[in-house]
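Protein chains in written order, with the working numbering: chain F, 7 to 448; chain U, 7 to 448.
C-beta atoms are modelled at their ideal positions from N, C-alpha and C, and glycine is treated no differently.
For clarity, every value in this text was computed on a predicted model and none was experimentally measured.
Protein chains: 2
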Amino acid sequence: VPSPTDGVDAGDLDELRAWLTGTGTLDIAEELSRWQAAEKALAIRLLPRDRALAVFEALDASDQQEVLEGLQSDRVRHLVEHMDPDDRARLLDEVPAKVAHRLLSQLSPHERGLTNELLGYPPESAGRVMSPEYVNLRQSMTVADALAKVRRAGRDAETIYTLPVTDDQRRLVGVVSLRQLVLSPPDVRVEHLMVTDELHHVHVTDDQEDAARLIQEADLLALPVLDSEERLVGVITVDDAMEVMEAEYTEDLAGIGASMPLSRPYMAASVAELARTRALWLLVLIIAAGLTVNVLQFFEETLETVVTLALFIPLLMGTGGNSGSQAATVVIRAMAVGELRFADLPRVAWREARVGLMLGAMLAVAGFLPVTLIFDAEIGLVISLTIVTICFWATLAGSALPMVAKRAGVDPAVVSAPLITTFVDATGLIIYFMIARTVLGL
Amino acid sequence: VPSPTDGVDAGDLDELRAWLTGTGTLDIAEELSRWQAAEKALAIRLLPRDRALAVFEALDASDQQEVLEGLQSDRVRHLVEHMDPDDRARLLDEVPAKVAHRLLSQLSPHERGLTNELLGYPPESAGRVMSPEYVNLRQSMTVADALAKVRRAGRDAETIYTLPVTDDQRRLVGVVSLRQLVLSPPDVRVEHLMVTDELHHVHVTDDQEDAARLIQEADLLALPVLDSEERLVGVITVDDAMEVMEAEYTEDLAGIGASMPLSRPYMAASVAELARTRALWLLVLIIAAGLTVNVLQFFEETLETVVTLALFIPLLMGTGGNSGSQAATVVIRAMAVGELRFADLPRVAWREARVGLMLGAMLAVAGFLPVTLIFDAEIGLVISLTIVTICFWATLAGSALPMVAKRAGVDPAVVSAPLITTFVDATGLIIYFMIARTVLGL
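This is the structure in structure tokens:
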């Protein structure tokens, strides 16, 4: 979507008003996420109440917080009162505890109750993203009864397309879709339409990500959520699932790039925030890289004798890092989409070991001649042997470490690419100098 | 989902049959994706027709192809005939042209027509993933008329929850949801219910990914697709959008890991296939890394004089690579979710330059003392100055290169992390030795 807004000066009220009138909700929200806090609030103030709410709902929680800070309390109350309970819970998670408390106290008792319930579930749990406003049916209802209940109770529900069927104890006994109701004769009973086999559901404390993946794999529009006593307490809708998966991707990618995920859009984050998300990893990795200095110190004599060996250090480290990252990213992805389990480790290691040997052999053969021509055959042999060994070793480590990390309860994406590269650097240097000493007879 | 199937031997028919009966559709599909082609087909043969179809539809296109190869032609015909047209188009894309031709010729004329239409659109386009089976309404209809039409025509449609409203020329004039129809009195006219402002839609030749992102951002269940004459030709549903985004993410991650995406699940890909997706990049990168050998050769004399300088090469290269990857992955992600445009390049570069300087200064201060204690103050100064400069430079390059790549029409994820690392390695060495020569007075 090309935005027509480049050059809009949020300080010029007439221009801003004209732009807001002529621009779609999503485009306004996208543009706002790149503005300063005061400008965001100004734009929301200038919009009619209904549109302001629509734009507000399309913003990230961190942007919403900034908007609220710049508004008067009656507008704040209006916006927060009319949010969906799950979106509101996400926002209250973001703001300081004092602000959250104040916002909660201004809600109507009904909305406050719904929000407090969601905030009681652990972070990252299915309970946090579910909607407590759903329409449930009884199996004894006819289609006509069911449609009447949907008309009566459906206005506030987040979705009426997936209708859980419950018993007297609010236990889930089936699910029926609005599609089935609409396409069936009015006197058919819900119990004859509802799905009871393979009844997909999650529990409030389950991981959000597992719920999102289930929604995707089973092509669901909404997934029932049960409490510890197997009672229905809410539904997770497909739009929430998409958001959970987006956030998860962003987190994985940040981990692979050795930083922590940003809690707000890139352009809205300050330089200090950007630096903060990266500083810790960079420090950890440079300390770990201290190991490479030690290894090289140990081989300093060899290095003094044949300085030529130093010339290949970046190339060999780079190749090891690349092979390791290739294996790690593929394995991380296969685990994320559920294609790999820990029990597969021996098979994966055996596959990757062969892949590493194949790739290493290819590079070694390709590299032998040029190195021999420019330097000599002995150096050519050292480099070729080292490439094969490092590729083999890096591919093996790159595939196994993420699996071991996940098994140990650590996010594989965070532990992997950068740490593997540093680990392969240090061990690769040992391999290099051992081979060099042997071949060159030092 | 823990699978109870480890150790199932597909050769033992009774055990397999019992397992198939006791296992859910999705779990069967997940397990099948890890089996050999012949075993997959065997499992599908043992299932009753309806369940076989459900499992078949839950498989990836590459798995579906393997299943079809192992089945007799009447079962093949049954499965392919009953697939959704968009899933079928995806499958026919995957199989060899000859097989696709044969499968198409066995379809009923109606299904063949639908599929041929989809296959006429360019790869990766919105037209390829849309469903041509939708229910459209007229604005003059009442709610009662509209519901009657939904009942009449809805059985074959992929969704009846989003109902496009069209005029005599099949041009889109609005969209109404089944929710609105069900919640409204029967005599209200569709024109009074339908959304006409901010009417989200895409064109058949638009990028699938843009369509998927629009569905996510606007929380849609289905998105109307128009042809070049602005006529409605289909809808893209939210489940297809999720698949498109998954595939896109897998592709990005493969690029960041310097390999090409696998066309099938990890465990189903052969070792040779795994090696093939990685060989080209590894070769390109090692050739590019040849540059580092040249740079070091140029400074060989300096290196011979102060061998100590060689000890820090892996640490300095690693730190440059890490800073560059951090910046690159954050920028790639921000571009992917539409937060950044090319016009932002100067602002991004200015931000990242400051981030790089801050991080570099932190590491330089932290590193000066240990290096000075173990070696001497001059070496300490060289290393500290190099770290600041390399962090600054790597962060700048890491953020700018993906943006330039995207502008040039190259996938930023593919061009970035690994290439940046190699580029930063070579330039970083020049920086290192220039600083060393100056400080040490060589």
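Going by beta carbons, L98(U) and L110(U) fall inside the 8 Å limit.
By the neighbour-count criterion, in which 16 or more other beta carbons inside 10 Å mark a residue as buried, L19(F) falls on the exposed side. As a beta-bridge residue in DSSP terms, T168(U) pairs with S183(U). Closer than 7 Å at the C-beta level to chain F, one finds these residues of the stretch 15-37 of chain U: G30, T31, L32 and E36. Along the stretch 250-281 of chain U, going in chain order, the ones with a CB nearer than 8 Å to a CB of chain F are M251, E252, Y255, T256, D258, L259, A260, I262, G263, A264, S265, L268, P271, Y272, M273, V277, A278, L280 and A281. Residue environment analysis places H207(U) among the buried positions, since at least 16 neighbouring C-beta atoms fall within 10 angstroms of its C-beta. Out of A43(F), D66(F), L77(F) and R413(F), the CA that lies nearest to the CA of R51(F) is found in L77(F). Residues of the same chain with a CB within less than 6 Å of the CB of M147(F), apart from the 5 flanking positions on each side, are V196 in chain order.
Rounded to the nearest whole angstrom, the CA to CA distance from A43(F) to E72(F) is 5 Å.
Assigned with DSSP and collapsed to three states, H206(U) falls in coil, not helix or strand. Separation of E21(U) and L53(U) (C-alpha to C-alpha, rounded to the nearest whole angstrom) is 13 Å. Judged by DSSP in its simplified three-state form, G76(U) adopts coil rather than helix or strand. The beta carbon of T428(U) sits closer than 8 Å to some beta carbon of chain F. Rounded to the nearest whole angstrom, the CA to CA distance from M323(F) to I436(U) is 17 Å. The Cβ of I436(F) sits no closer than 8 Å to any Cβ of chain U. Contact of G415(F) with chain U is not assigned, every C-beta pair being separated by 8 Å or more. The alpha helix (DSSP H) runs lying completely inside the stretch 106-143 of chain F and spanning 4 residues or more are 115-125 and 132-135, given in chain order. In this structure, DSSP gives A414(F) a state outside helix and strand, which the three-state scheme calls coil. Distances from the CA of M440(U) to each of L268(U), A294(U), T308(U) and P115(U) were compared; the closest alpha carbon is that of T308(U).
Straight across, the Cα-Cα distance linking E235(U) with A217(U) is about 18 Å.
In this structure R185(F) does not touch I293(U) by the C-beta definition: roughly 57 Å separates them, more than the 8 Å allowed. With a threshold of 8 Å between beta carbons, D225(F) makes contact with chain U.
For N328(F), at least one C-beta of chain U is nearer than 8 Å to its own C-beta. The criterion of a C-beta distance shorter than 8 Å is satisfied by M248(U) and M248(F). DSSP, read as helix, strand or coil, puts L229(F) in strand. Under the Cβ criterion (8 Å, minimum of three pairs), the stretch 403-418 of chain U does not count as touching the stretch 380-389 of chain U. Under a criterion of Cβ atoms nearer than 8 Å, the residues of chain F adjacent to A295(U) are, in order, P320, L321, G324 and T325. Ranked by how close their Cα comes to the Cα of R94(U), the residues K104(U), P128(U) and M136(U) have M136(U) in first place. Considering only E139(F), P128(F) and T168(F), the residue with the shortest C-alpha distance to H116(F) is E139(F). Within chain U, the residues whose beta carbon sits less than 9 Å from that of I166(F) are L184, R185, V188 and L189, listed in sequence order. Per DSSP, reduced to three states, the secondary structure at R177(F) is strand. Burial check for G126(F): the Cβ neighbour count within 10 Å stays below 16, so the residue is exposed.
In the DSSP assignment, G330(F) falls outside any beta strand (DSSP E) and within the unbroken alpha helix (DSSP H) covering I319 to A342.
Cβ neighbours of G373(U) within its own chain (closer than 7 Å, five residues either side excluded): I389, S390 and I393.
Under the 8 Å criterion on CB atoms, R284(F) is classed as interfacial with respect to chain U. Contact check for L26(U) and A49(U): beta-carbon distance about 6 Å, within the 8 Å limit, so the pair qualifies.
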